[in-house]
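Numbering (the working numbering), first residue to last: 7 to 749. Yeah, the Cβ is synthetic: ideal placement off N, Cα and C, and Gly gets one too. Note that the structure is a prediction, hence the values are computed from the model and not measured. As structure tokens, the structure follows; a few thoughts come after it.
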């Protein structure tokens, strides 16, 4: 490779190039640009030798954009994503045929000249003069590489791309100056390697390794002569010679490359003729990019991972920095996704709610104690084709992370939070209240965290059924989801204490705003997301310690360097005794309360049902000691007009959807599939004090466990699978019109 003289001056080649660059830059032929020679002698690069010297010689070579690989927690592929589909490989992993082919067709004297090919320039000048126009250029591979560097650095910015590719004299002279530097610093082999890794080969393939995979489904090191020649022929015009869309043109161009290889002595004429007689024999692999390619419905989780990188300060202080990291790619992201849990969640969501139903389902699973998100599934597939009922809206997460605008009212699934706040304040589970089925409480008896009353009028609220009047303690009120009980419990506990407990447990609104301090929060009047609710209940499973949800375990860059990732942050939200007591009480919900259809028979499990006013939302959130799962079903359209009465979902008719009869069975399917039958940890046993319980009338109209029949309100009705629910096991509607609160 060219070397500097001992005195630090330019080599003969560089001096000649500099002379031509300044004194005879006719039509910018120095840089190989094919402009007409006539009248071009008046052009000059910067006008003087000093101007040429003023151009910076330090080529700022950007790292090459590559694909991102997203893996599950076992190392299995979830998806790949890229702005440039490229895999960078060393020259030793590129077929010698490919190296010879690209040199033969693009720069046959590559190893003989420096940054500029003077003979090539003179030849191009002569032919251009004879043609009276732009007939031939003389750019070397080095100059082409420099141009590609500028294009790569421009990224997807159309203005910068236009600037990097404009046919101007100034740009060509700048390329030449950088080409001289590149030749001096890298040498021929490295330039060839870089060129083959940066060049675009069409069909979204950047670099020879990806091109080889795209057109022949093989590694670049395994390319045959005729295959390498075809790829080399694409460089001049990837669109014109695209073999997928025009095999005839691609074949003609390939054969030109083969003849050129024979002409320069890279191969024999016999080899060329044999290769020319060979068909293209394409084995095309289609571009496979983005979360839409994820299996088992993991597209929503995949997108959550992408948004984590784009929004979390761990990956850069500004959005621009984080976007640059993602677009540069080359990352291998190992996530928390459990393939077993994801498959189970996807089956649960899609088998009970169809993609073309009026409503949708979302399932999110979190590991207690680690915050790891193990699955994220929903009934509508991930994608952009609305005709196929696809959606990009991730119903399980906040708006910032691709979810709905606000999230969804959570109904009675909030009640255990109120119970936890009460226990932490020293209120006994035996605390009992006697109420009618409807009551009225003064709003000035509820004070927010600033000490101000929440209103001056009364809060009128009701239980779901007129028969729900009597005396309940905390255990029975949770099991039957009694609204009047929890309104009075919140009144005694304190609204602020209830809100603060929710925050400590990770309860967040879907729109990212602060939780509103309204009395109706205890009945589920506030909005949240399935991910947030799964994390809240994981706090109970983890004996009172909340751990923030995380989706990424590790990231390595293209060089194998480990990057920092967001870590779960764990903090105590309540005492172990409080959490154990809640778990014991919530076991009753799945054993003989509103969640009997969700209960698991082979292990300790606990949970809570919830519905909202007009049955717009239905929930079941529950857990075992090692898994927390939240299931939501409802209207996923912004107007939320679908009331789940007299509706067919997943092929089954419901006169009214309830938390136990649809989200509950979805939860059971997801939990059963995700959990290992050999691992059955138990809740910490605790004695729960009981109060006096008395109901004035037995309930004959509870629906929580009824799934289909229109006569399921009758005593002894058997609407589902031979199960007869004892009357009086379900509870709650909120009254007040905010976040209704069915069981």
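When DSSP states are grouped into helix, strand and coil, residue 667 belongs to the coil group. For secondary structure counted as the beta strand (DSSP E) over 3 or more consecutive residues, the region 359 to 429 holds these complete runs in sequence order: 366 to 372 and 379 to 384.
Per DSSP, residue 485 lies in no beta strand (DSSP E); the unbroken alpha helix (DSSP H) holding it starts and ends at 480 to 486. Annotation for residue 494: the continuous alpha helix (DSSP H) segment containing it runs 489 to 499. Under the criterion of beta carbons closer than 8 Å, residue 371 and residue 680 qualify as touching, at roughly 6 Å. With respect to the C-alpha of residue 332, the residue from 86, 645 and 397 having the closest C-alpha is 86. Here DSSP, grouped into helix, strand and coil, assigns residue 471 to coil.
In the three-state scheme derived from DSSP, where H, G and I count as helix and E and B as strand, residue 652 is classed as strand.
Exclusion of the five residues before and after residue 562 leaves 338 and 568 as the residues of its chain whose Cβ lies within less than 6 Å of its Cβ.
As computed with DSSP, residue 340 is found in a beta bridge with 77 and 560. The Cβ neighbour count for residue 688, taken over all protein chains shown within 10 Å, is under 16; the residue is labelled exposed.
Just so you know, the alpha carbons of residue 666 and residue 631 end up roughly 21 Å apart. Within the same chain, and ignoring the five residues on either side of residue 108 in sequence, the residues whose Cβ sits closer than 6 Å to its Cβ are 238. Residue 539 and residue 380 have their C-alpha atoms some 14 Å from each other.
Annotation note: the region 571 to 659 contains the following uninterrupted beta strand (DSSP E) runs of length 3 or greater, listed N- to C-terminal: 576 to 578, 612 to 617, 623 to 630, 633 to 640 and 651 to 655. Sixteen is the threshold: when 16 or more other Cβ atoms of the shown chains lie within 10 Å of the Cβ of residue 616, as they do, the residue is buried. The Cβ atoms of residue 464 and residue 443 do not sit closer than 9 Å to each other. For residue 280, DSSP assigns no beta-bridge partner whatsoever. Take the alpha-carbon of residue 71 and the one of residue 526: they are about 51 Å apart. The way I'd put it, the region 445 to 452 doesn't touch the region 586 to 602; fewer than three beta-carbon pairs between them come closer than 8 Å. Annotation: residue 365 to residue 438 spans about 38 Å, alpha carbon to alpha carbon. In the three-state DSSP reduction, residue 305 falls in the helix class (H, G or I). Beta-bridge partners assigned by DSSP to residue 228: none are found. The secondary-structure analysis by DSSP pairs residue 92 across a beta bridge with 212. Within the same chain, and ignoring the five residues on either side of residue 320 in sequence, the residues whose Cβ sits closer than 8 Å to its Cβ are 570, 571 and 572.
Residue 569 sits in a strand when the DSSP states are folded into three classes.
Residue state for residue 553 is assigned as strand, using DSSP reduced to three classes.
When DSSP reads this structure, residue 441 sits in a beta bridge with 476. DSSP, reduced to helix, strand and coil, places residue 696 outside both helices and strands of the structure shown, so it counts as coil. If you look at residue 458, you'll find it isn't in any alpha helix (DSSP H); DSSP assigns it neither H nor E.
Annotation for residue 85: the continuous beta strand (DSSP E) segment containing it runs 83 to 87. Here residue 83 is exposed. Its C-beta has fewer than 16 other C-beta atoms within 10 Å. A direct Cα-to-Cα measurement between residue 488 and residue 477 gives close to 10 Å. Annotation for residue 539: the continuous alpha helix (DSSP H) segment containing it runs 536 to 547. Rounded to whole angstroms, the separation of the alpha carbons of residue 219 and residue 97 is 16 Å. In the structure shown, residue 179 adopts helical secondary structure according to DSSP, grouped into three states.
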